Amino acid sequence: MASSSISSDSITPSNTKIGWIGTGVMGRSMCGHLIKAGYTVTVFNRTISKAQTLLDMGANLADSPNSVAAQSDVVFTIVGYPSDVRHVLLDPKSGALSGLRQGGVLVDMTTSEPSLAEEIAKAASFKNCFSIDAPVSGGDLGAKNGKLSIFAGGDETTVKRLDPLFSLMGKVNFMGTSGKGQFAKLANQITIASTMLGLVEGLIYAHKAGLDVKKFLEAISTGAAGSKSIDLYGDRILKRDFDPGFYVNHFVKDLGICLNECQRMGLALPGLALAQQLYLSLKAHGEGDLGTQALILALERLNNVSVQPSVS
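Numbering (the numbering used here), first residue to last: 9 to 320.
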């Protein structure tokens, strides 16, 4: 049986069948890399049209997460919210775990709750299967280019065994036991939230001071203020390109999980709380389906300005 290969031989397209649940902005590109590498892939998505690109590449379509898992040795999930993760993995009838063979592996790449990752790992272990929490950072470009940062929690041997698959999507970083991948991703989101706030406040200030904001961005990008956020989103902000590399709605969800964890830990992180409130204001204005770089809109509204690059 192919699933025995997960614990013995190296994973290759000839001995490992892949399942993929969730073919949105990120999942579509990530799954595409596995298909291009020659893996047999079965996909499930609630909205079939969003899986069409992968079907055109040769993926098979399943009608439920359970059906995906029944045809797969390793099942990846990247969906929207923790409630979605619970439904697609743990639902007793339609969930992936109920269809997974002994020795199979679940890899949840959704940013979700650490406690849920631990719960899934226990449920998988009870069935003699494995579960890895492996959320990612890098946005739509990282997904397209196979340059994501992957934060993995769970059994280290299993994570190493999965490296042929992870390496097609980016670089895997083993963070510890089940749930630690999620904790690492949440810490990543906290860092990004305040970084993005600093970026848009700098732009608003530069604009108000009469600087050419394009020249300003170029000037700071190679100095101490340079960041991945500037590289990924600086030009997009100036072009008023708010298409989602990562949805505001999902970022609000992530920051909410962070704040809940902070309350549980007794941690005060005021930068996180402020960023979450500003992102919530975008959602309140009906901008939840824009990308995280749309944070500039919230600061523009506060200051009654609109940052536009100078026309040369």
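No residue lacks a Cβ here, since even glycine has one placed at the ideal position from N, Cα and C. Being a predicted model, the structure only gives us computed values, none of them experimental.
Taking the alpha-carbon of residue i as reference, which of the options has the nearest alpha-carbon?
| i | options | result |
| --- | --- | --- |
| Gly210 | Gly294, Pro122 and Gly242 | Gly242 |
| Ala283 | Ala306, Leu156 and Gly161 | Ala306 |
| Ala77 | Asp141, Glu127, Cys137 and Gly154 | Cys137 |
| Ser18 | Gln79, Gly253 and Arg169 | Arg169 |
| Cys39 | Val115, Leu303 and Ser22 | Val115 |
| Thr185 | Pro122, Leu240 and Leu176 | Pro122 |
| Lys188 | Thr203, Glu126 and Gly146 | Glu126 |
| Gly46 | Gly66, Val33, Ile56 and Gly32 | Gly66 |
| Gly178 | Val87, Thr85, Val313 and Lys152 | Lys152 |
| Ser72 | Leu263, Trp28 and Ala281 | Trp28 |
If you draw a straight line from the alpha carbon of residue i to that of residue j, how long is it in whole angstroms?
| i | j | result |
| --- | --- | --- |
| Ile238 | Lys291 | 23 Å |
| Arg109 | Val144 | 26 Å |
| Leu124 | Tyr89 | 11 Å |
| Val208 | Cys266 | 22 Å |
| Ser106 | Ile200 | 36 Å |
| Pro100 | Leu225 | 52 Å |
| Ser102 | Gln60 | 22 Å |
| Ser202 | Ile212 | 15 Å |
| Ser11 | Val83 | Low confidence applies here, because Ser11 scores a pLDDT of 41, under 50, leaving its location unreliable and the question unanswered by this model. |
| Ala132 | Gly32 | 25 Å |
Please state if the CB of residue j and the CB of residue i are separated by a distance shorter than 8 Å.
| i | j | result |
| --- | --- | --- |
| Ile245 | Gln301 | yes |
| Ala104 | Asn68 | no |
| Ala160 | Phe191 | no |
| Leu205 | Leu303 | yes |
| Val49 | Ile86 | no |
Looking at the structure shown, is residue i part of a helix, part of a strand, or coil, going by DSSP?
| i | result |
| --- | --- |
| Ser22 | coil |
| Gly210 | helix |
| Ser13 | Because the pLDDT at Ser13 is just 41, under 50, the model does not fix this residue reliably, and the value given afterwards should be weighed accordingly. Three-state result, Ser13: helix. |
| Lys101 | coil |
| Leu275 | coil |
| Ser320 | Note that Ser320 scores 48 on pLDDT, short of 50, meaning its location in the model is unreliable and no value can be drawn from it. |
| Val256 | helix |
| Gly7 | No information on residue 7 is available, as it lies outside the stretch 9 to 320 that the chain covers here. |
| Gly264 | helix |
Name the one or two DSSP bridge partners that residue i has.
| i | result |
| --- | --- |
| Asp141 | Asp116 and Gly161 |
| Thr85 | Ile29 and Asp116 |
| Val49 | Ile26 |
| Lys179 | Ser157 |
| Asn68 | Thr50 |
| Gly184 | Gly161 |
| Gly359 | Past the boundaries of the shown model lies residue 359; the chain is included only from 9 to 320, so the question cannot be answered. |
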